[in-house]
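With the first letter of the sequence shown counted as 1, position 29 gets the number 74 in this note's numbering; the numbers rise by one all the way through. Written below as structure tokens is the structure these notes are about.
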Amino acid sequence: MKYRDLFDEEDLMSDFNNKDYSKYDIKADSDFKWQKNCIDEINDKNNVILSSPTGSGKTKVFLEWAENKKERPIIITSPIKALSNQRYRELVERGYKVALETGDIKNIPEDYDYLCVTQEIYTNKYVDREDVTVIFDEFHYIFENSDRARAYVDGLYKSKAKNLLLCSATFGNIKEFKKYIEKIAGREFSVFENHERITDMHFGGDIELHNIENALVIAFSKDGIDRAVELLRSLRDEQSLEKVQKIRELAEQYKVSGDRSLKDLFFGIAKYHGAMLPKQKIFIEKCFENGLIDTVVGTDALALGVNFPIENVVFAQLAKYYEGPISKNLFDQLSGRAGRKGYFNQGNVYYCSQLGMMIECRDYRVGDLYEKNLQKKNENISIELTPKIKDILNKKSSVMDEVDYIAEFSTVDVNKEEMSENIEETINSIYSSFKQNVLKIMSDLIYEEIGTRPDLSKLDFPTRLYSKMYDSLMTKESEYCDNIAKVYFEEYSPETNSKLFTKVLCGVEPDKIIEEMCYSNGYVDFLSMMQFQKYVNNLPVQYRKGFGKVSTLIRDIDDSVDLNVSKIKVLDEVAEDLRVSDKLSAKNVMKVLEMQKNDIDHKNIANMEELKLLEDSGLEDYDD
46 MKYRDLFDEE DLMSDFNNKD YSKYDIKADS DFKWQKNCID EINDKNNVIL SSPTGSGKTK
106 VFLEWAENKK ERPIIITSPI KALSNQRYRE LVERGYKVAL ETGDIKNIPE DYDYLCVTQE
166 IYTNKYVDRE DVTVIFDEFH YIFENSDRAR AYVDGLYKSK AKNLLLCSAT FGNIKEFKKY
226 IEKIAGREFS VFENHERITD MHFGGDIELH NIENALVIAF SKDGIDRAVE LLRSLRDEQS
286 LEKVQKIREL AEQYKVSGDR SLKDLFFGIA KYHGAMLPKQ KIFIEKCFEN GLIDTVVGTD
346 ALALGVNFPI ENVVFAQLAK YYEGPISKNL FDQLSGRAGR KGYFNQGNVY YCSQLGMMIE
406 CRDYRVGDLY EKNLQKKNEN ISIELTPKIK DILNKKSSVM DEVDYIAEFS TVDVNKEEMS
466 ENIEETINSI YSSFKQNVLK IMSDLIYEEI GTRPDLSKLD FPTRLYSKMY DSLMTKESEY
526 CDNIAKVYFE EYSPETNSKL FTKVLCGVEP DKIIEEMCYS NGYVDFLSMM QFQKYVNNLP
586 VQYRKGFGKV STLIRDIDDS VDLNVSKIKV LDEVAEDLRV SDKLSAKNVM KVLEMQKNDI
646 DHKNIANMEE LKLLEDSGLE DYDD
């Protein structure tokens, strides 16, 4: 039975043509005047805020602005990896020499013109570069993701770049925003604000399920996406043999031919969400570019500039499960994906009540929220930063330093006393859970050996060894708490950090840790595995033994992912570790390098630069 047979279409669509949304339609600035005016106005400015609607042609403007700057390279930051990947491909196709670094993929040629990175990568790695030009693309994302807002603020606060351009979709009070940005960056900015689109936008209300084509369909959960694709596919016939064959060939090229969702593409439909592999996302983007599919069902990541040139945006949902209804600003950004210039003269924005009935979250009705968003004004900026626990643990920052920083650069009122107490509580919980985790892990190890869980204070042979281990750990509690600070991984909760490190410290088999962190219901969880790989890379080298198979597993799944760890970084860590332990010798350097399993060839470190690094680190007898 087709899904359309489940609906009473007469009931659902009774008022479909009775509501007039035309008053919300947006007319285009057809001759691109705003682009020329913008370039003329900002060309000689070093620091610029460019605000223009989604799909209005900001890329052309910021590339011309950047090209006129003598400082190189030009760094383009993006809020998501997919957008960095797309920027990279666009610039390569324009003939530029381009570098790319996202955490998943790393390609750094010599003497590159452009560097495409995620915002986190820029903030953590490139923020100190002075003689460069930096473009913060899709900067409005700072308002939609509080977890990542800190990366934007820190990046802007610490940036030493000569030229800065903040590129954003339109939102509320631009004067207020300018004042806020200048406060963070400590420099003045020029503003160019454009409200004109370069294609018309029509708001069409409710669309019937079987009429959805040439569309981005928006849902906010993987389950919602799966259901929407299932519904849409049930109403379509398989595409021509020619298109199916081309999809198969492209799938072979991108090594996704075994993908279970491949058959969806044979009906012209694709999923697009954060849980997909990097190569899967690139494959979908290529299929769309080549006209092999016409409809993509995805999350709000589609609002962030990923270039699917489509005619229609269709909302299956307008509320997220935990956060509730989306903001007016995000609604506008998603709507702005409709009607890409050069492909369509008009973009259309709909909602689909039929999809909403099947995947709606909580008690929110997509039609009601659609109408409310059309009538609402754009929200003013609202940002509440989160503390950097790792910096506090590493004594790079104090609790009060963090509280003061958050209070100064958040746009909402912050109760300093309450925040300070919360941070202190988090720090104390990390340290206090250390003993508890050691006790549990010791108990588990003993249970595996003798089949019982005796009182640790009354241990006899053969468990005496574990008792000594426990005593040793507890006498060195402060030392190990310091090590927790070194290995603290901000993408994990404080509880997970403490639990993981204790397991590594107590000698729990790496395979058991990998299984716990990287598998779900017996299947590989790729995102969790990538996250755990970053955790492993974050560990000092003496703790990495046995975790090398994670990188192998990832490569087996997606060989487009970059897993390289900087040799210089590793040598720094080795030198520091050996300096602290008073074991400064060449043999020890080699021993530690041999222990770690992250594909670093220690035989290749003996070049002059790295030899100098070892000498400067105080290593006494490096004589290789």
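Quick reminder that beta carbons are idealized off the backbone N, C-alpha and C, glycines included. Predicted, not measured: the structure shown is a model, and the values here were computed from it.
Taking residue i as the reference, which of the options has the closest Cα?
i    : options                : result
R293 : A206, G148, G313, L276 : G313
D413 : Y396, E253, T244       : Y396
E536 : I529, Y564, F577       : F577
S427 : K324, K373, D245, S306 : K373
F333 : D377, P354, M464, Q325 : P354
V172 : E221, L128, I120, G148 : I120
T244 : S596, N583, E356, M402 : E356
V595 : N583, P585, Y588, M575 : M575
N113 : D89, R132, D449, K105  : D89
R385 : T104, K223, I451       : T104
E283 : I338, K81, N256, F107  : I338
I257 : N418, Q378, F328, S279 : S279
E218 : I371, H247, I166, E424 : The amino acid at residue 218 is misidentified as Glu; the sequence shows Asn. Looking at the Cα atoms, E424 is the closest of the given residues.
L322 : R134, G148, E540       : G148
E275 : I252, E241, F311, S302 : F311
S129 : I451, W110, A111, E165 : E165
I558 : G593, V137, E416       : G593
Find out if the Cβ-Cβ distance for the pair residue i, residue j is shorter than 8 Å.
i    : j    : result
R64  : G269 : Checking the sequence, you will find Lys at residue 64 rather than Arg. No. Outside cutoff.
V162 : E146 : yes
E183 : S123 : yes
A315 : D304 : no
P118 : Y69  : no
S538 : F479 : no
T344 : H318 : yes
E447 : I468 : yes
L419 : Y66  : yes
V549 : Y588 : yes
Y564 : F534 : no
Y409 : A346 : no
F237 : E109 : no
I434 : T471 : yes
K220 : F234 : no
R272 : M403 : yes
In or out: residue i buried (at least 16 other Cβ within 10 Å) or exposed?
i    : result
N439 : exposed
V625 : Per-residue confidence for V625 stands at a pLDDT of 49, beneath the threshold of 50, marking its modelled position as unreliable; the derived number appears in the next sentence. By the neighbour-count rule (16 or more Cβ atoms within 10 Å), V625 is not buried but exposed.
K126 : buried
I187 : buried
M445 : exposed
V634 : Here V634 scores only 45 on pLDDT, less than 50, and its place in the model should not be relied on; the value that follows carries that caveat. Counting Cβ neighbours within 10 Å, V634 comes out buried, since at least 16 surround it.
G381 : buried
V457 : exposed
S398 : buried
A196 : buried
E330 : buried
S285 : exposed
R232 : exposed
G591 : buried
Y367 : exposed
N82  : exposed
A383 : buried
N335 : exposed
P555 : buried
S204 : buried
R24  : Outside the shown range of the chain, which is 46 to 669, sits residue 24, and nothing can be said about it.
Quick test of your reading: residue i and residue j, contact by CB under 8 Å. State the CB separation rounded to the nearest angstrom.
i    : j    : result
K324 : K300 : 6 Å
L210 : V394 : L210 to V394, Cβ: 29 Å. No contact.
E116 : N239 : No, E116 and N239 are not in contact; Cβ-Cβ is about 25 Å, not under 8 Å.
G200 : T168 : 4 Å
V532 : L584 : 5 Å
L254 : L400 : 7 Å
K142 : D156 : 7 Å
A320 : K267 : 6 Å
E227 : W79  : Contact doesn't hold; Cβ gap of about 24 Å is too wide.
Quick one: is the Cβ of residue i within less than 7 Å of any heavy atom of the ligand SAM?
i    : result
I166 : In the structure on display, the ligand SAM does not appear, and there are no ligands present to speak of.
Indicate whether at least one CB of chain D lies closer than 8 Å to the CB of residue i.
i    : result
V411 : Looking for chain D here will not work: only one protein chain is present.
Quiz prompt | the stretch 206-218 contacting the stretch 97-104, beta-carbon criterion three pairs below 8 Å | solution = yes
- Are the stretch 291-305 and the stretch 380-392 in contact at 8 Å, needing three or more beta carbon pairs? no
At least three beta-carbon pairs within less than 8 Å, the stretch 562-582 to the stretch 592-603 | yes
Original post:
Per the contact definition of three or more C-beta pairs closer than 8 Å, is the stretch 259-268 in contact with the stretch 360-379?
Top reply: yes
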